[in-house]
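Data block below; observations after.
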Amino acid sequence: MRLLLIVVLLSFMSPLSNYTYEYPKQTENQLTKTIERDIDCLAKNIYHESRGEPTKGQYAVAHVTMNRVSQYGLSVCRVVYQPSQFSWTIGKTPAVYDKVAFDKAKEIAWDVYRGDTHDFTGGATYYHAKYVKPNWSRKFKKTLALGSHIFYKVA
């Protein structure tokens, strides 16, 4: 049933419709598994980076992740797990312990992945919490302050 749902969704959408990433040649079953993995990685990133933020802040984190997919030409999972890019991926990967928050993150992941939402971050590819001032932030253009995060793009 789950496979049928994903196949039906794929027939109505173009994966990464607002973002550019070329999937390698795959069978329909392999592509379905790849998309499920992408959604899971994106949802985990939303969950671990922003589950305490307002919904709009969670969407912003999803858009930053997908903007990096376009910028680097990598899959969602490769972007999320790039070394030292997202703090939750450094060291032991934490568990998902709040199912309600993770389910919400998964819905947001699907919305952004399908291209159903406008990227209101101004093309941001970086962000940090307001309570820190990383050196790298001086090199980029601030695009948005939302919740407890500040968002940036390459100047």
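In my numbering, the protein residues as written are 724 to 878.
Here a beta-carbon is modelled for each residue, glycine too, at the ideal position from N, C-alpha and C.
In the DSSP assignment, H841 falls outside any beta strand (DSSP E), carrying neither H nor E. For the pair N768 and T788, the CB atoms are nearer than the 9 Å cut-off. Looking at the DSSP output, V802 sits in no beta bridge, so it has no partner there. Taking a cut-off of 8 Å on C-beta distances, the stretch 798-805 does not touch the stretch 858-869, as fewer than three cross pairs fall below it. Scanning the stretch 760-797 for uninterrupted beta strand (DSSP E) segments of 3 residues or longer gives nothing; none is fully contained.
Judged by DSSP in its simplified three-state form, I758 adopts helix.
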